[in-house]
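In order, the protein sequence lines correspond to chains A, B, C and D. Residues in the first sequence are numbered from 96 upward in steps of one, following the working numbering. Residues in the second sequence are numbered from 28 upward in steps of one, following the working numbering. Residues in the third sequence are numbered from 44 upward in steps of one, following the working numbering. Residues in the fourth sequence are numbered from 12 upward in steps of one, following the working numbering.
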Amino acid sequence: MTALGDILHLLFTANLWQAALAAAVLLLLPALGGVISERSGVVNIAMEGMMLTGAFFAVVANLAWHNVWLATGVAMLSGALMASIHAIVSIRFRADQIVSGIAINIFAAGLTVFLVNRIYGVQDIGHVGQSELLPNINVPGLDQIPFFGKVLFQQNVIVYVALILLVLMHLLLFRTRLGLRIRSVGEHPQAADTAGINVYAIRYGAVITSGLLSGLAGAFLAIGVSNTFVPNMTDGRGYIALAAMIFGKWTPFGAFVACLIFGLGQAIYDNNSIIHVSPYLLSMLPYLLTLVVLAGLVGRSTPPAADGLPYVAGSE
Amino acid sequence: MSDQLLAVDMRNIRRQFPGVLANNDVVFSVRAGEIHALVGENGAGKSTLMNILYGLIHPDSGEILINGKQAHITGPRDAISLGIGMVHQHFMLIPVFSVGENIMLGREPVAGPDFYDRGRARKEINDLTKKYGLALDPDARMGDMPVGLQQRAEIVKVLYRGASILILDEPTGVLTPQETKELFVVLRDLVKSGKTIIFISHKLKEVLDISDRITVMRRGRVVGHLTTKETNEEAIATLMVGREVLLRVDKKPAKPGAVVMKVENVTANSDQGVPALKGVSFELRQGEILGIAGVEGNGQSELMEVLAGTRKTTGGHILLGERDITTYDARTERDAGVAFIPEDRRGTGLVLSFSIAENSILGRERSPKFSWRNVVLKLVAIRDWARRLVQEYDVRTPTIEVAARNLSGGNQQKVIVAREMASKPKVLLAAQPTRGVDIGAIEFIHRRIVAERDEGTAVLLVSAELDEVRSLSDRIAVMYEGRIVSIEDPDTPEERLGLLMTGGGTRREGAA
Amino acid sequence: MPIGSVILAFIIGALIVAVTGANPFDAYSGLLCGGFGIACSQGENPALQLSNTVVFMIPLLTTGVAVALPFRAGLFNIGAEGQLLAGSVACTAIGIKFAGLPAPVLIPMVLIGGMLAGALWAGVAGVLKATVGAHEVVTTIMLNYVAQWLVRYLIIGGPLQLAPGTSRSSPIGVNAQLPTLLPADNSLIIFGLPASVFRVHWGLAIALAAVGAFAFLLWRTSLGYEIRAVGQSQKAARYAGVSVRRTIIVTMLIAGAFSGLAGAIQISGVDHSLTDKYFSDTTGFDAIAVALLGLGSAVGIILAAVLFGALHSGGAIMQSDSGISSNLVLVLQALILFSIAANFVGQIARLIPGIRRPQALPPELPPAAPLMTEAAAPPPEPA
Amino acid sequence: SSGGGGGTPAKTYKIGLVTDIGGLNDKSFNHLAYVGLQKAITDFKIKGDVVESKSGDDYVPNLTNFASKGYDLVIGVGFLMQTAVGTVSGQFPNVHFAIIDGAGTDANGNDLKHANVESLFFKEQDAGAMVGVIAGWLEKNGQAKKNKGVISAVGGVSIPPVNHYIAGYKWAAAMEDPGIKVLVGYSNDFTDPAKCKGVAQSQISQNSDILFQVAGGCGLGVLQAAGQASLYSIGVDADQKDADPSVIASALKKVDVATYTAIKLVVNGQFTGGAQTFSIANGGAGYSPDNLNVPSALQTELDKVEGEIKNGTLTPPADIPA
Ligand SMILES: Nc1ncnc2c1ncn2[C@@H]1O[C@H](COP(=O)(O)OP(=O)(O)OP(=O)(O)O)[C@@H](O)[C@H]1O
Ligand SMILES: Nc1ncnc2c1ncn2[C@@H]1O[C@H](COP(=O)(O)OP(=O)(O)OP(=O)(O)O)[C@@H](O)[C@H]1O
Ligand SMILES: [Mg+2]
Ligand SMILES: [Mg+2]
């Protein structure tokens, strides 16, 4: 059981938690998107596709204009664009929201590679210069705190942004008037409508927000963690985020906990050059762990009452 | 009518739904400061008309004047700003929200950058509830409220929005007699304070009791404007249904036979896990109707569920003939000959998306009658069965393939009644069999229940309508706080029953 | 109407192709040829194209059912992939271990073994949902990953590895292999090609039978009735005396068996050993699209599977003939899903005053609509 | 070399290239094969068509499609296609096949030795050895960044082509610096840079200061991790000096050359089938010094080792030494 020993030892290293947090944030952003979308009653399993689109356009824009912030903005917009397709199809046209979500994911997977082919041809999509990536920022002073300094304050700028968004999302949903309205629309759109709330506007807003967040995650992946676009580089993170959202019972902090489990699992796996166990078994760890936690601690999670149901106003 | 200011004046309203002309050139006017009743059978078009007034449904044609001024209502927002408020037939409340949040929704007090100001919300509500004497706890979870209080919350919600014209769509459908009384007190106060009220109900007594004028609808048309003082139940009923209806049930005296079901101090818990039945005992005989009177929430629902096998007992015994069926589940109970008309028609009694045919075997899909060795369905048998029910129980539907969702409440109820009665049960449990159903259907269902009795079925009836209990039952068991406090004769004066139902009165242990 | 939607999707697809500077007609003639062997311009063999389409279609049929059935019970089975892998592992293991047995015994053994393994894999999700109410979307996604890593472990350094340095298992016994319709013979020439290139195998019959079984189960049996009841209203189901928990578990077990069957058929009929290709297999995910596209009905699933199979094999021809990236196929699949789900055509038609027909009664909820709502709620039965 | 193909204008040769699931934009050997094909198209005026495989199920049909259309040469890219090539080459004895990184095998992984199949193997260990020399030498002479005597490699999946590289690398590094510690990790992925970056960062925290990526597109994450920690990295397959400033060298596996050569043989009617191994000896493998001005001492060492591998005095192992 030396493997177990190795892992236990790792758990006390700041490096591991630093990596875990970064990996978790890649999942947290789309998960937050999922939370707000489904709280408004629109099932969203399209984070994978929106994130992939964001990753692609982040690189395209950065290569074109050599401005990382502009590129990040473009990525978020492209995510939002995908989201608005989902929104229009499932809110305006009342399509089955699962179908629409799946379609978005397939669409993004196909379109990005198709465009890489068409735009860059043989010489292939290029690399973003080190200086044009989303920067890592060490918070002066704080980053010197033993252990926590490295974990919390020596991170990529997006990590800080994500953690702030996490808190904001929580406040928005559970403390503000807008949040109350979003949740009312997700629980009982008729009631919200009769109370004079614009159900459609709220839902569009929420879904598009999920696109912005997923697009941001895509940018972080492509021009923060990496420096180029590789087909399907999101690699199922959108689906993990979906799982995290449900695991977290459609709450921001709940989702964050789940994301941390996966991030930690990834970070532990990354040490497979020094942990002596089949890397494949090691890779199973976070998923098995999640199952166990679900079976044991978390248990039932019940979605917003109107989640997934298209709203048909009393009129047409 | 021009002699008096019209709060609401709807002219030639027309609304077509697929297959139905829900409103056909409806002319409907309400005077300022009156209580105006709108009556009609299920599907007559009342809700539609009111939804149009509230902006939820857009009319195909017609015009609306509010307080004499042309109004262009495109959605609830417009209606609200015109001072119109509506309490919907199916409550518009969010169970997981607090009472306060439910009431505030849409006009929330905010502090700082858009933060929901719980404190001010609480204060505003307390002010309102004091002003109109409608006590409510703003912090309670709406889902945990009894219907009566939910109803109250709906009204406060409307008042909070400063409505001067209140629409109440079947507000008493789910209320107990006392709750209804309380509601009426409130309504009268509201009128005194200058509000106008539109009141929809299937219960003509109430209509006569509360309203000033009455508009009667049938099949999407207005078939009569009446002044309450100058009319009576029979007249209204006849207008509504388009023919004479007998409102009183005429039945021969019962010929009670052997005891079929024996309940021996049964105890059970409510969904919240608190004791709801604290030792209920009674006997049920062939060919009798035992009515259970009681204020809702005193254990009647739980008792029915226990007897039907959908709720577990925590003690006591239930005997069906000689057989101890205490531990039976819904399926085995049914097979043993216990039929159950549940009070929640839409949620429990039917699978709304299933066709009438499919619903007609709900719970019997494995019985040899409808399946080979309870695996493969006998489709032909099922269709014949469904057709028989539809025509014997006069379910108004084009075909048996129609989804239950698209039947009116009354017809939905008939499907359930038919299914449960046609299985020739030993015992029939009927919970609120006529709730929210129009008098035409009520009359029909009452006759069937009596017919069942006469064929020797033992019927246990639970109803919030004291009248219904008294007119149908051969014996009346009064339930209070999870116990049967007394067993009375049907002709016991209403006052005494009311007293017993609220825990007063001298108990008289019946034959049981 | 779906036909109209498909056509609309292809029109939009054509626009995308044109915008990116390629010729839509080349693209579509390529797809048509590759999918159905129609209008082949560059010497493709129609029979070969058709047979490829069918081979792609087979696993989509069974996995499509494995997604569609739980939909009816209000369960979203994203786990068809994991269940398929479980099935292929079991099939391989049995096929190797008992290679000696005669085909009439061994083939049923590997197929049933695969079904059991798939059922087991899905059963975990079912039990967790029924007992602790863990949401099946989470559990099935997790189980997918576990299965994928398990396969890697088994054939890279694990017990099933063929030999060091390889990433495949040893082949299953010949008697465990489903025969192809045509003799797998290189010298026999049929339709101008060696018979062995036509890989359509008897798994086709099994898969079609499975879809039939699905339809029968759903519409003609008491269990199917109860599954649909649970999916529509747990309250009503409980009133009827149906055990929601039991139904949920049974549904997942059956669904898993269908997926497992798909995996077993792939091994026994096509690959004959567990290889690294299963690392990147996506059948179980395409199945979701197929099930939704087929609106959860048997006929629909078959049509959707044919369409996806044709697009899959058509993409290759399109790329080789006209140089348009076969990823366009994914774009088209997505567009078809959109336009069928949203029924654009119908809605547009409604806008045109001429053919304004009253909109039908509220349609049956879309197959997946109740997923996240009441039906998705964990069964609150008292334990 | 203006191929003889130009000499006989009568016939335009038809060449089909089938990528594995990595696709044309894998930033790795599929892409290189494509590059080789493009070069051949311009040089020999051939008709070259490409099909990307979307899944492992596509290998056989994609190869079959080209073969059935009477293409002169069908090239399968990658180890993963061995059985597929074995099967299809048996069905079309008159069509030439070439497979990169493998042979046409049966289900048991045995080379079927079909006369119409040319197996293009690479001595990745040669290339690995050369960059291993660089890494080892820098560590030994304290000219790396941390010089704690630790270097590392990040593999994609533990399959032969990957492990050959790592074997040569580890072997040569140890030869230069007997005390050196070589960490070997796998990302289990060929496409997601984030995954490789994670592995790389863990190795960096174990004091590795020269990181060798053997994971195609995923490996880009390794180069970047090294860059951000301002350490050294080593690219793979193609010259990756543009991928990141930290790339001091690349281990070259000239898939483009191999592809080009295979086509050339067919065009010139010199196709012979059997195995062709590309190594340092025949210029099919090697290394390129990148963003590092190589000290002359190191250069001499490199030339020495290269020479000895060419003349066979040194043979880098194919399996990773313990
Ligand atoms: N959304 C709708 N779509 C289609 N038809 C509808 C819709 N709403 C109502 N209808 C039809 O319009 C008719 C009138 O319905 P409405 O709800 O107004 O009846 P009602 O008088 O309120 O009945 P009840 O007393 O049961 O409430 C009914 O026959 C019904 O079939
Ligand atoms: N979407 C709909 N399509 C068709 N008919 C509808 C629809 N919604 C409601 N209806 C019809 O409108 C009429 C009134 O229905 P409503 O929702 O008011 O309650 P109800 O079914 O009448 O029940 P209740 O007995 O409580 O009045 C019914 O005939 C119902 O079938
Ligand atoms: Mg109504
Ligand atoms: Mg009604």
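The beta-carbon is built from N, C-alpha and C at its ideal position, and this holds for glycine as well. All figures in this text were calculated on a predicted structure; none of them were measured in a lab.
Rounded C-alpha distance that separates residue i from residue j
| i | j | result |
| --- | --- | --- |
| Leu263(D) | His42(D) | 14 Å |
| Thr105(C) | Glu150(D) | 57 Å |
| Met528(B) | Ser179(A) | 57 Å |
| Thr424(B) | Ala408(B) | 20 Å |
| Ala256(C) | Ala298(C) | 12 Å |
| Asn401(B) | Asp421(B) | 29 Å |
| Val193(D) | Ala305(C) | 44 Å |
| His283(A) | Gly136(A) | 9 Å |
| Glu424(C) | Gly230(D) | The pLDDT assigned to Glu424(C) is 39, lower than 50, so where the model puts this residue is not dependable; a value taken from the coordinates is nonetheless given after this. Cα-Cα distance, rounded: 51 Å. |
| Ile383(C) | Leu350(C) | 13 Å |
Cross-chain neighbours of residue i in chain D, by beta carbon under 8 Å
| i | result |
| --- | --- |
| Pro235(A) | The premise fails here: Pro235(A) is roughly 19 Å from chain D at the closest Cβ pair, so nothing lies under 8 Å. |
Partner residues on chain C for residue i, Cβ-Cβ distance less than 8 Å
| i | result |
| --- | --- |
| Asn212(A) | Ser368 and Asn370 |
| Thr385(A) | Val181 and Met185 |
8 Å Cβ shell around residue i - same chain, five flanking residues per side excluded
| i | result |
| --- | --- |
| Leu354(C) | Leu74, Gly78, Val372, Leu375 and Gln376 |
| Leu123(D) | Gly97, Ser100, Gly101, Ala114, Gly115, Thr116 and Asp117 |
| Ser79(D) | Phe103 |
| Arg271(C) | Arg115, Ala116 and Leu261 |
Neighbourhood of residue i by C-beta distance below 7 Å, restricted to the same chain and skipping five residues each side
| i | result |
| --- | --- |
| Ser74(B) | Gln116 and Asp196 |
| Gly102(B) | Gly82 |
| Ser340(D) | For chain D, the structure presents residues 12 to 333; residue 340(D) sits outside this window and is missing. |
| Pro405(C) | At Pro405(C), the pLDDT of 35 sits below 50, so the modelled position is not reliable and the matter cannot be decided from this model. |
Boundaries (first-last residue) of the alpha helix (DSSP H) holding residue i
| i | result |
| --- | --- |
| Ala114(D) | No alpha helix (DSSP H) holds Ala114(D); DSSP gives it neither H nor E. |
| Ser328(B) | Gln327 to Ala335 |
| Asp288(A) | Pro284 to Thr289 |
| Gly208(D) | A small fix is needed here, since residue 208(D) is Lys in this sequence, not Gly. That run of the alpha helix (DSSP H) goes Pro204 to Ser216. |
Element boundaries [beta strand (DSSP E), containing residue i]
| i | result |
| --- | --- |
| Pro250(A) | Reading the sequence as shown, one finds Gln at residue 250(A) and not Pro. Element bounds for Gln250(A): Gln249 to Asn251. |
| Asn279(D) | That residue, Asn279(D), is in no beta strand (DSSP E); it is neither H nor E in DSSP. |
| Ala458(B) | Val454 to Ala458 |
Beta-carbon spacing of residue i, residue j below 8 Å
| i | j | result |
| --- | --- | --- |
| Tyr45(D) | Val277(D) | no |
| Leu317(C) | Ile137(C) | no |
| Pro452(B) | Ile476(B) | no |
| Leu311(B) | Ala485(B) | yes |
Neighbouring residues, chain B, relative to residue i (Cβ below 8 Å)
| i | result |
| --- | --- |
| Gln275(C) | Val378, Leu379, Ser380 and Phe381 |
| Thr304(A) | The contacting residues do not exist; Thr304(A) stays about 15 Å from chain B at best. |
Per-residue contacts from residue i into chain D (C-beta, under 9 Å)
| i | result |
| --- | --- |
| Ser368(A) | Ser163, Ala164, Val165, Leu194, Val195, Gly196, Tyr197, Val210, Ser213, Gln214, Gln217 and Ser219 |
Contacts of residue i in chain B (Cβ-Cβ under 9 Å)
| i | result |
| --- | --- |
| Asp288(A) | Leu83, Gly102, Pro103 and Met119 |
Other residues of its chain near residue i: CB distance less than 6 Å, five sequence neighbours each side excluded
| i | result |
| --- | --- |
| Arg399(C) | Low confidence applies here, because Arg399(C) scores a pLDDT of 42, under 50, leaving its location unreliable and the question unanswered by this model. |
| Met172(B) | none |
| Leu266(B) | Val243, Val250 and Gly251 |
(message) Which residues of the region 240-264 of chain D have a Cβ closer than 8 Å to any Cβ of chain G? Give them in chain order.
(response) No chain G appears in this structure, whose protein chains are A, B, C and D.
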